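Trainee: Number 183 marks the last residue of the sequence shown (our numbering); no jumps.
By construction, the Cβ of each residue, glycine as well, lies at the ideal position given by its N, Cα and C atoms.
Remember, it's a predicted structure, so these values are computed and weren't measured experimentally.
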Amino acid sequence: MTLIEGNAGWIFECTFVGVMSDIQEIDQRLLLFLNGVNSDTLDIFMMTVTKILTWLPLYAWLVFALFKHYRKDAWYLLLSAALVIAIADQVTSSFMKPYFQRLRPSHDPDVAPYLHLVRDFDGTLYRGGLYGFASGHAAVTFAVAVFSWLLLRGASQWWALL
22 MTLIEGNAGW IFECTFVGVM SDIQEIDQRL LLFLNGVNSD TLDIFMMTVT KILTWLPLYA
82 WLVFALFKHY RKDAWYLLLS AALVIAIADQ VTSSFMKPYF QRLRPSHDPD VAPYLHLVRD
142 FDGTLYRGGL YGFASGHAAV TFAVAVFSWL LLRGASQWWA LL
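#1: Can you have a look at A81 and say buried or exposed, based on whether 16 or more other CB atoms are within 10 angstroms of its CB?
#2: Since I believe L87 is in contact with L99 (beta carbons under 8 Å), could you give me their beta-carbon distance rounded to a whole number of angstroms?
#3: Taking contact to mean at least 3 C-beta pairs separated by less than 8 Å, is the stretch 123-142 in contact with the stretch 151-166?
#4: Taking 6 Å as the limit between beta carbons, can you name the residues of its chain near I5, skipping five residues before and five after?
#5: Pull up the DSSP beta-bridge partners for F154, would you.
#6: Would you check if the distance between the CB atom of L55 and the CB atom of Y135 is smaller than 7 Å?
#7: Do A109 and A164 count as a contact pair if the criterion is CB distance below 7 Å?
#8: Is it right to say K72 is buried, meaning 16 or more other beta carbons lie within 10 angstroms of its own, or is it exposed?
#9: Mind checking who L146 pairs with in its DSSP beta bridge?
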């Protein structure tokens, strides 16, 4: 390895570490700002919106629309969608989270004391799982969006992804 190659690697590493540190700083400040804007109404709204039960009518309608539109292929598509969801969920929860081990803010000793945590409907303090990266919700949402786009491409219903 030449001196130039060694220096280039060192410069890249220093720049990358610096940029990641800056991103983490911005992320933490944004988290504390948004978390500090708390109200009972917003807490209840967010707890309700993030419950699976809230979204069951939408899921039921989507399954109904799938069977109505695709008829004979509906079971195949439903199984494919379930497989896409399961893969995205398992890759994040079984591989990425244990690999990266990035603590969720509610478990991070540097951040947790400054957070406004909310009690769940059963009265327990909600802190989420130990690790927050990568987001299972984001991975599943992205996987379903790509699956839907592939399913609907060329159709005039592409706007439904929005």
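Mentor: Working from what's here:
#1: exposed
#2: 6 Å
#3: yes
#4: Because the chain spans 22 through 183 in this model, residue 5 falls outside it and cannot be assessed.
#5: R123
#6: no
#7: yes
#8: exposed
#9: R140
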